[in-house]
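Chains as they are written, first to last, in my numbering: chain A, -18 to 322; chain B, 303 to 564. One structure below.
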Amino acid sequence: MNKEIGAIERRRERLDRGIKVRTEGIYAVSSLKEVAYLALPRLILIIGLLLLPLLIPSLYWKRVVSIAAIYALLALGFDFLAHFVGLVSLGGALFIGVGGYTAALLNKSLGLSPVFTIPMATVGGAMICTLLLLPALPLRGVYFAIVTLMYPLTLMRIIEALNIFGGTDGILGVAGFPNRWIEQYLIIFIVIFALFGLRRLVNEDIGLVFRGVKDNDQSVRASGLSITLYKAIAVFIASGLGSLGGAYLAHIYMWSGISQFALDFSVIPIAATVIGGGGTLVGPLLGCFFLVPISEWLREFGTLRIVFYSVILMAFIMFRSEGVMVYAQRKYHQFQRWVKV
Amino acid sequence: MSGENILQVTDVSKTFGGVQALLNVSFSVQQGEVFGIIGPNGSGKTTLINCITGFIKMDSGKVLYKSKDISNRAPNQIANLGLTRTFQIMRPYYSLPAYKNLIIPLFSPRARKKGGWRGGGKLGDRGTVAIDILEEIGFERDSFVPYKLASSLPTGYLKRLELARCLALGPDLILCDEVFSGLSMSEIASMVPLIEKLQMDGITLVMIEHRLRELFRVASRVMVLNFGEKLTEGVPEEVMADERVKEAYLGSEKLLDYTFEA
C-alpha cells in the first residue's frame, strides 16, 4: 500500500468507524442513530426483496425474480461451503436436480400437495445428496469440486439411458402453486430466512467448528471432533437449500426434467459469489439478483450473451476481485486516512 | 509417581517408503509423571506421537491407553478418551479470535459430556469457559489478548494456545511436541511453572524436547531415540551419562557440561 508522492512516504491506514465500535456490543446502542446504523442495512435488504414482486409489472420478469431467488439459495449454500467449511462445491446442479425430481415424483406418484412435497424434497434431497457425496468428503479443494460436478452429469445420462422418470421428456403435470402471490412471496421469505439463519449459524458454536474445519482440519481432529461428520452436516445444510430450490423450481414450471441437472445451476452461484463477495453470504445473494436478470436480458442478443456475460465477470475479477459486498462493508464500517511513514 | 501405567507402547514400527522412521519402539508412561522423549533431529520423535494419537497409521505395534487398545484408532476418538497432543508447528484457527479457538475443543463429545449443551454447565457458555482456560494458561483475562485473532498473536501465545486446546478437552495425558521450541529464554522460564502446575493437577505429560535443561527440571524419566530406534531410557542423569547417547545426540562430550552446569 506504500505510495510515494514527492518526497513524502504515505501509507493508507484503515480504522473502524466510531459508530461501528460503539454498536458492536448490543448494550452500547444508545441512540437512534446507532440503532439505524445497525438495522438500516438489514431493513433495506429485507424491504427491497419484499417489494420486488410488487414493483415489477410483467409476469415474465416476476418469474425471473423467483428463479433468481432459487439461484440465491444455491449461492448461499456455495458461499457457506466454500468460505466457512472449506469445501468448493460445484454441486448446485446435483442439488437442484435431486430436489426437483424428488418433489415431482412425490407429487405425481403419491399425489401429495406442494405443502408436503417441498419440505419432504428438501430433507429427502439433502439426505440423498449427502449420501452421494459422503465418499468424497475426505477430499479437499478441486478434487471435491470434480466429484460434485460429476454427479449431475452422470445422473442426467443415467435417466436418459435407462429412460426412467420420464426419460428425456421429464415428469409432466406436476402440481403448481395455488396462486402466484404465494409462488412469489414464499421463495423470497425462504431466501431471507436462509440468509439470516446461515449468518447466525456460522457464529454459533457449531459454526465455529465448521470454520475450524476450513482453517485447520488436523487441529479439529486433535480436538476430538470428526471432520467427516461436520463436513457431512455442512453438506446436508447446503444441499438442503439447493434441494428446496429444486423442488420449488419443479412446482413453478409444473415439470421436472433432465435440464434441472444443467451446469448453469453449478456455475452461476459461483459467478454470483465472485461478484457479490465471498464470505459475506449477503453478497452472493445480491449477485444472483444481479446476474440472473442480466442473463435473461441478454437473451435477445442470442449467443452473444455469453460474451457480454464473460466481459462482466472478467471486469469484476480484474477490478473488484474481492466482490461488491466486501468493498461495501469495508466502506460502511471503516474510514481511511493517509498517515506519514 | 503413583505406579499405574497410563500409556503402554509396544514395538511400534513405521516406514515411509524406504525410510525406517520407527523400529520396534517400546516404552510405558506412569500415571502422573512427566516423561521426556529426546533425540537428534529426524530420530522419529514426532512420528512416534503421530502414531500414538492416530494421525499416522503405524505398520505394526500396539498402543495401550488405560489398558485399552487404541492402536490405529481415529485421532478424534483417541482425543475423546483424554489423550491429547500439541503440534510442533502450531495449528491454531488463524481466522478466529484466541478464545474462540477453544470453543471447538469445548464442542467435542468429551467436553460436552462435562459441560452440558451450553458448554460450561452452571458456569456459563463456552466463551466464558474458554476465557477461564486461557487465563489459567497465561493469557491476561482483562487484556485484549484473548480477543485478538490468532493470526496476530506471537509465537509464545500460540504455543500456550496449543496447550490450552488440549486442556479444553479435560485430558488425562498430553503429548507435548516441543512446546519450548521457538520461545525466548524468558518465555520458557514462564512456561516451566505452567508444566509443573499441570502435573500437580494430575495430568500426565509426555514431552518431546530439545531444550534439555528445562526438560530435566520437570521430567522424571527420559527416553532417547536415534534413527527410529530406542537407545536407552531412565532418569536424566543416568541417560545423559550413557556413551551411546552422547555420541548419537551431539557427538561430543560437552553435552553433559551443558546440561548440568547451571
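Glycine is no exception: its CB is placed at the ideal position from the N, C-alpha and C atoms. Quick caveat, the model's predicted, so the values are computed rather than measured.
Closest option to Phe318 (chain B), judged by alpha-carbon separation, among B:Gly530, B:Met542, B:Ala550: B:Gly530.
Under a 10 Å Cβ-count criterion, Pro133 (chain A) is classified as buried, with 16 or more other Cβ atoms of the shown protein chains found around its own Cβ. At a cut-off of 8 Å between beta-carbon atoms, Arg387 (chain B) makes contact with chain A.
Fewer than three Cβ pairs drawn from the region 200 to 207 of chain A and the region 84 to 95 of chain A lie within less than 8 Å of each other, which leaves the two stretches out of contact. Nearest in C-alpha terms to Gln310 (chain B), of all of B:Gly458, B:Lys415, B:Gly440, B:Cys353, is B:Cys353. With respect to Leu469 (chain B), Ile435 (chain B) sits close: the two C-beta atoms are nearer than 8 Å. Around the C-beta of Lys499 (chain B), fewer than 16 other C-beta atoms lie within 10 Å, and the residue is accordingly described as exposed. Within the same chain, and ignoring the five residues on either side of Thr111 (chain A) in sequence, the residues whose Cβ sits closer than 8 Å to its Cβ are Ala213, Val216, Phe217, Ser220. Not a single CB atom of chain A sits nearer than 8 Å to the CB of Asn374 (chain B). If you check the CB distance, Arg412 (chain B) and Asn382 (chain B) come in under 8 Å.
A Cβ-Cβ separation of about 16 Å leaves Asn197 (chain A) out of contact with Tyr401 (chain B) under the 8 Å criterion. By the rule that beta-carbons nearer than 8 Å mark a contact, Arg462 (chain B) does not touch chain A.
Secondary structure of Val365 (chain B) (DSSP, three-state): strand. Between the region 249 to 257 of chain A and the region 169 to 181 of chain A, the count of Cβ pairs shorter than 8 Å is below three; the stretches do not touch. Within 10 angstroms of the beta-carbon of Leu455 (chain B) lie 16 or more other beta-carbons, which makes it buried. At a cut-off of 8 Å between beta carbons, Val69 (chain A) makes no contact with chain B.
Setting aside the 5 residues that flank it on each side, Val494 (chain B) is surrounded in the same chain by Glu516, Arg519, Val520, each with a C-beta closer than 8 Å to its C-beta; the list follows chain order. Within 7 Å of the CB of Lys368 (chain B), no CB atom of chain A is found; the nearest one sits about 16 Å away. Within chain B, the residues whose beta carbon sits less than 7 Å from that of Val190 (chain A) are Ile406, Phe409, listed in sequence order. Near chain B, meaning a CB-to-CB distance below 7 Å, the residues of the region 194 to 214 of chain A are Asp196, Asn197, Gln199, Ser200, Val201, Arg202, Ala203, Ser204, Gly205, Leu206, Ser207. Straight through space, the alpha carbons of Tyr52 (chain A) and Phe441 (chain B) are spaced by roughly 45 Å. Listed by position along chain A, the residues whose Cβ is nearer than 7 Å to that of Ser397 (chain B) are Arg192, Asp196. Nearest CB-CB separation between Ile218 (chain A) and chain B: not below the 8 Å threshold. CA-CA distance, Val307 (chain A) to Ala63 (chain A), rounds to 16 Å. For Ala126 (chain A), the enclosing alpha helix (DSSP H) stretches over residues 122 to 143. Residues of chain B with a Cβ closer than 7 Å to the Cβ of Asp150 (chain A) do not exist, since the nearest Cβ in that chain sits about 47 Å away.
The beta carbon of Asp186 (chain A) falls within 8 Å of a beta carbon belonging to chain B, placing the residue at that interface.
Within the region 2 to 77 of chain A, no run of beta strand (DSSP E) at least 3 residues long lies entirely inside it.
Assignment of Gln332 (chain B) by DSSP, reduced to helix, strand and coil, places it in the strand class. Shown in chain order are the members of the region 446 to 473 of chain B whose Cβ falls below 7 Å from a Cβ of chain A: Arg467, Leu471. As the crow flies, the alpha-carbon of Gly151 (chain A) is around 10 Å from that of Glu141 (chain A). If you draw a straight line from the Cα of Gly341 (chain B) to the Cα of His512 (chain B), it comes to about 8 Å. Counting only unbroken stretches of 3 or more residues, the beta strand (DSSP E) elements lying wholly within the region 480 to 528 of chain B are 506 to 510, 523 to 528, in sequence order.
Non-local beta-carbon contacts of Arg301 (chain A) in its own chain, meaning distances under 7 Å to residues more than five positions away in sequence, involve Tyr308 in chain order. Contact with chain A is found for Asn378 (chain B), since one of that chain's Cβ atoms lies less than 8 Å from the residue's Cβ. Using a CB distance cut-off of 8 Å, Ala381 (chain B) counts as an interface residue toward chain A.
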